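**Q** If you read the protein sequences in the order shown, they are chains A and B.
The numbering of the first sequence is our numbering, which starts it at 21 and goes up by one.
The numbering of the second sequence is our numbering, which starts it at 21 and goes up by one.
There are 2 protein chains.
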Amino acid sequence: MSPHPLDQALALAHSDLRAGLFNGTTSADYWNMVGPFGGTTAALMLQAVLKHPELLGAPVALTVNYAAALEAGPFEVLAVPVRTNRSTQHWTMQMAQADADGKLQVVGTATAVTALRRETWGANDLPMPQVPAPAEVERLAIGPAKVAWVDRYEMRPIRGSIPTRWDGSGDHSETLMWLRDAPPRPLDFAALAALCDGFYPRVWLRRAKPVPIGTVSITTYFHVDATQLAEVGTGYLLGRAAGQQFRNGYFDQAAQLWSQAGALLATSNQIVYFKE
Amino acid sequence: MSPHPLDQALALAHSDLRAGLFNGTTSADYWNMVGPFGGTTAALMLQAVLKHPELLGAPVALTVNYAAALEAGPFEVLAVPVRTNRSTQHWTMQMAQADADGKLQVVGTATAVTALRRETWGANDLPMPQVPAPAEVERLAIGPAKVAWVDRYEMRPIRGSIPTRWDGSGDHSETLMWLRDAPPRPLDFAALAALCDGFYPRVWLRRAKPVPIGTVSITTYFHVDATQLAEVGTGYLLGRAAGQQFRNGYFDQAAQLWSQAGALLATSNQIVYFKE
Chain A
21 MSPHPLDQAL ALAHSDLRAG LFNGTTSADY WNMVGPFGGT TAALMLQAVL
71 KHPELLGAPV ALTVNYAAAL EAGPFEVLAV PVRTNRSTQH WTMQMAQADA
121 DGKLQVVGTA TAVTALRRET WGANDLPMPQ VPAPAEVERL AIGPAKVAWV
171 DRYEMRPIRG SIPTRWDGSG DHSETLMWLR DAPPRPLDFA ALAALCDGFY
221 PRVWLRRAKP VPIGTVSITT YFHVDATQLA EVGTGYLLGR AAGQQFRNGY
271 FDQAAQLWSQ AGALLATSNQ IVYFKE
Chain B
21 MSPHPLDQAL ALAHSDLRAG LFNGTTSADY WNMVGPFGGT TAALMLQAVL
71 KHPELLGAPV ALTVNYAAAL EAGPFEVLAV PVRTNRSTQH WTMQMAQADA
121 DGKLQVVGTA TAVTALRRET WGANDLPMPQ VPAPAEVERL AIGPAKVAWV
171 DRYEMRPIRG SIPTRWDGSG DHSETLMWLR DAPPRPLDFA ALAALCDGFY
221 PRVWLRRAKP VPIGTVSITT YFHVDATQLA EVGTGYLLGR AAGQQFRNGY
271 FDQAAQLWSQ AGALLATSNQ IVYFKE
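Below, the structure written as C-alpha cells:
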C-alpha cells in the first residue's frame, strides 16, 4: 500500500549540512492556484520541529508567515531550538528555495513553542455547535477540483459552503463543516496544522466574489496531546471559520476545530491579503 | 513636560554594531510580577521594526513568543527584514539579555508582516458590543496595584472584572472593558500592540482562583493604518477578551479592540501557561 498523499507531501530528509536542516519537495497532490496549499507549508514547518532530535514535548503554538509563493520543486526547512527551558522549548523556522540563479531565497518564516504538558484543571468555553452528524451532510462535490488540494480533503459543509453563484450576494463569512483528510488518515499534529487552513477564503463567501487572495500569516494553538489526537483517529473534525474584519486589502479569519466527540482540538487565526 | 511612561518604556537606541540592532532597558513603570508587562515586550519587538530604516509600510501581523522572563535592566532587540516584496515585508525579531555571566541569552522571538495597504472593499463581521459609555462605567480602582503596569492603564470593566473574592466561583471567561493608556496618550501601533495584552489572565476569572500564569505567545492583527489610529487619539478602546479552551497547563485567549466609534482596530490571540 502506497503512503498517504499527505505523508508524501510532508516527507523531509535530514540534511547532513547542519542539525535542523531538512530537504523536501513540493507536492502536486496539494497544489493550490499559484503554489502549494498553505496548510501543507504550515505542516512542513511544524514537521521540521517534530523531526528535530532535540525536540522537547509537543506543539502548543505555531505561527507561519508566507513570504513568497513556492515554485514546484525542492525546498529546505531549517528548524532551530533557540531556547529550551525546563518544560517549554522555543523554535524559529525558515523555509528557503533556490531562485532561477540557484540563490537561496526565504519563502517563509515561522516560530513554534513546544512543551511538556501536565494534567491540570480544564474547561471548554467554546462548546461545539449543534450540527447534524457527518453522514447526514452531503459531501462537497468538487472533485476533480480546479485546485488539487481541495480533493485531498473530505468536506461536508453545513453552513457557508463555497458560493455556487458569484453574484455579489454574500452577507456573512461563517463556514461550518465536517472535514477530514481524503483518503482518511489518522490525525496527528502535522495533519491538524494543515486542516486549520482547510477553509476557502472568507472574502469569497462574504462577497460571493472570487477575488485574488493569499494568506500572509497563520497562527495555530494546539489544545491536545498526541494521545488525544490518536483517539480521534480517522474521525471527522467539525471546523468553524469566520472573518472578523475586512479592510484595505486584508481580512482575518478565526477558526476552530473540534473532534466529533466535541473536544476543541485547535484554535487557529490567519490574516489574508485580498485584491480590490 | 516629561515623556509619557510608555514612550520611556519603548525607548530604543540604535546600536552601531549592526543594522536593525537596538538597545533598550526594562521599565519599572510597566513591571509585572516576575518581569516586564508582556504588552510592552510585544510593543518593543514591533518598535524595532518601526524604527528600522528599511521599513516598508505599516504592521499587519505581529507574533511575539516569550521564551524567558526578562531581568530588570538592559536588553537588545534585533529586527531583520528577511524578505521584502513589492507591497509586503517579512520580519524576524529576537530579544536577548545578558545572563549573570554576561552571556547573551534569547528571551524572546517574534515575527512581523508589514505592508503598504490600499483602499478596498471592506466589512466588519464583528460589530462592537452594545455597552454603556466610558463615563457611565466606574474605573477599576486598584492603584497602587500590586503590579505597576496595571496602573499604566485606565480600565473601566463592564463585564468580567477581576474577581474580588477568590472562592472558585467563576463560571465564564469573558471580559468587556473600556481601556486606554494612563495618563492618556495618542494611539499608535506600539501602544495598540501593548493594549492587546491588557487583559488579566482568563483563568483567574474562569476559576476565581489566582493560579501562576505566563503568556508564551501572542499574535496580533492590525486592521487599520496610522491615519485611522491617529483619529482615535486619546479616546477609549472597547476591549473584549475570552478564553476558548483551558487544558493541561495552557489556555488561549481571543481578544478584540474597537475604537469608541466602533471600528475594529485589532484582533489578538494568545496562549498562556497556567499551573495546577
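Just so you know, even glycine gets a beta-carbon here, dropped at the ideal spot from N, CA and C.
What you are looking at is a predicted structure, and each value in this text was computed from that prediction instead of being measured.
Out of B/85, B/132, B/37, B/279, point me to the one whose CA is closest to residue 102 of chain A's CA.
**A** Comparing Cα-Cα distances from residue 102 of chain A to each of B/85, B/132, B/37, B/279, the minimum goes to B/85.
**Q** Could you check whether the Cβ of residue 270 of chain B sits closer than 9 Å to any Cβ belonging to chain A?
**A** Interface residue, yes.
**Q** What separation, rounded to the nearest whole angstrom, lies between the Cα atoms of residue 259 of chain B and residue 198 of chain B?
**A** Cα-Cα distance, rounded: 6 Å.
**Q** With 7 Å as the limit, tell me which residues of the region 119–152 of chain A have their beta carbon closer than that to any beta carbon of chain B; keep them in chain order.
**A** Those residues of the region 119–152 of chain A that come within reach of chain B (Cβ to Cβ, closer than 7 Å) are 126, 129, 131, 133, 137, 138, 139, 140, 141, 142, 143, 144, 145, 146.
**Q** From this set, A/131, A/257, A/83, which residue's C-alpha is nearest residue 178 of chain A's C-alpha?
**A** Taking only the C-alpha atoms, the option nearest residue 178 of chain A is A/257.
**Q** If the cut is a Cβ gap below 9 Å, which residues of chain A does residue 117 of chain B touch?
**A** Chain A residues near residue 117 of chain B: none, gap ~12 Å exceeds 9 Å.
**Q** DSSP on residue 198 of chain A, reduced to helix/strand/coil?
**A** Residue state, collapsed to three classes: strand.
**Q** Quick check: what's the CA-CA separation for residue 312 of chain A versus residue 98 of chain A?
**A** Lying outside 21 to 296, the shown extent of chain A, residue 312 of chain A is not represented and no answer is given.
**Q** Please report the residue range of the alpha helix (DSSP H) in which residue 280 of chain B lies.
**A** From DSSP, residue 280 of chain B is part of no alpha helix (DSSP H); its letter is neither H nor E.
**Q** Can you name the residues of chain A whose CB is closer than 7 Å to the CB of residue 263 of chain B?
**A** Result: 145.
**Q** What is the rounded straight-line gap between the Cα of residue 235 of chain A and the Cα of residue 277 of chain A?
**A** Taking the straight line from one Cα to the other gives about 19 Å.
**Q** Kindly list, in the order they appear in chain A, the residues whose Cβ is closer than 8 Å to that of residue 245 of chain B.
**A** Correct list: 268.
**Q** How would you list, in chain order, the residues of chain B whose beta-carbon sits under 9 Å from the beta-carbon of residue 105 of chain A?
**A** In chain order: 87, 88.
**Q** Rounded to whole angstroms, what is the Cα-Cα separation between residue 128 of chain B and residue 186 of chain A?
**A** Taking the straight line from one Cα to the other gives about 45 Å.
**Q** Within 9 Å of any Cβ in chain B, is that where the Cβ of residue 237 of chain A sits?
**A** Yes, because at least one Cβ of chain B sits closer than 9 Å to the Cβ of residue 237 of chain A.
**Q** Is there a Cβ from chain B that is less than 9 Å from the Cβ of residue 48 of chain A?
**A** No, no contact with chain B.
**Q** What would DSSP say about residue 51 of chain B, mapped onto helix, strand or coil?
**A** Strand, per DSSP.
**Q** Confirm, please, whether the CB-CB distance from residue 263 of chain B to residue 189 of chain B is below 9 Å.
**A** No.
**Q** Whose CA, out of A/201, A/51, A/67, A/216, lies closest to the CA of residue 132 of chain A?
**A** Checked all of A/201, A/51, A/67, A/216; the closest Cα to residue 132 of chain A is A/67.
**Q** When you compare the CB positions of residue 91 of chain A and residue 41 of chain A, do they come within less than 9 Å of one another, or not?
**A** Not closer than 9 Å, so no.
**Q** Counting only Cβ pairs nearer than 8 Å, list the residues of chain A close to residue 13 of chain B.
**A** The first residue shown for chain B is 21 and the last is 296, placing residue 13 of chain B beyond what the model contains.
**Q** For the alpha helix (DSSP H) containing residue 65 of chain A, list its first residue and its last residue.
**A** Residues 58–70.
**Q** Going by DSSP, which residues form a beta bridge with residue 272 of chain A?
**A** Per DSSP, A/291.
**Q** What do you reckon, are the CB atoms on residue 213 of chain B and residue 63 of chain B nearer than 9 Å?
**A** Their beta carbons are under 9 Å apart, which means residue 213 of chain B touches residue 63 of chain B by this criterion.
**Q** For residue 274 of chain A, decide whether its Cβ has a neighbour in chain B, counting only Cβ atoms nearer than 9 Å.
**A** Cβ-Cβ to chain B under 9 Å: yes for residue 274 of chain A.
**Q** Please give me, in chain order, every unbroken run of the alpha helix (DSSP H) with length at least 4 that falls completely inside the region 110–165 of chain B.
**A** As far as the region 110–165 of chain B is concerned, it has no whole alpha helix (DSSP H) run of at least 4 residues.
**Q** For residue 231 of chain B, name the three-state secondary structure that DSSP assigns.
**A** Here residue 231 of chain B sits in coil by DSSP.
**Q** At the level of alpha carbons, what is the spacing between residue 280 of chain A and residue 57 of chain B?
**A** Near 39 Å, if we compare the C-alpha coordinates of residue 57 of chain B and residue 280 of chain A.
**Q** Of all Cβ atoms in chain A, is any one closer than 9 Å to the Cβ of residue 42 of chain B?
**A** With 9 Å as the cut-off, residue 42 of chain B does not count as an interface residue toward chain A.
**Q** Taking 7 Å as the limit between beta carbons, can you name the residues of its chain near residue 205 of chain B, skipping five residues before and five after?
**A** Around residue 205 of chain B: 24, 26, 211, 254.
**Q** Could you tell me which chain A residues have their CB closer than 8 Å to the CB of residue 102 of chain B, listed as they occur along the chain?
**A** 87, 114, 126, 129, listed in chain order.
**Q** For residue 262 of chain B, report the span of its beta strand (DSSP E) as first-last.
**A** 257–267 is the span of the beta strand (DSSP E), which, as asked, contains residue 262 of chain B.
**Q** Counting only the same chain and skipping the five closest in sequence on each side, list residues whose C-beta sits under 6 Å from that of residue 52 of chain B.
**A** Cβ within range, chain order: 167, 169.
**Q** Can you tell me which of the three DSSP states residue 91 of chain B falls into?
**A** Three-state DSSP puts residue 91 of chain B in coil, outside helix and strand.
**Q** Which word fits residue 142 of chain A, buried or exposed, when buried means at least 16 other C-beta atoms lie within 10 angstroms of its C-beta?
**A** Looking at its Cβ environment, which holds fewer than 16 other Cβ atoms inside 10 Å, residue 142 of chain A is exposed.
**Q** Tell me the DSSP secondary structure of residue 214 of chain B in three-state form.
**A** Three-state result, residue 214 of chain B: helix.
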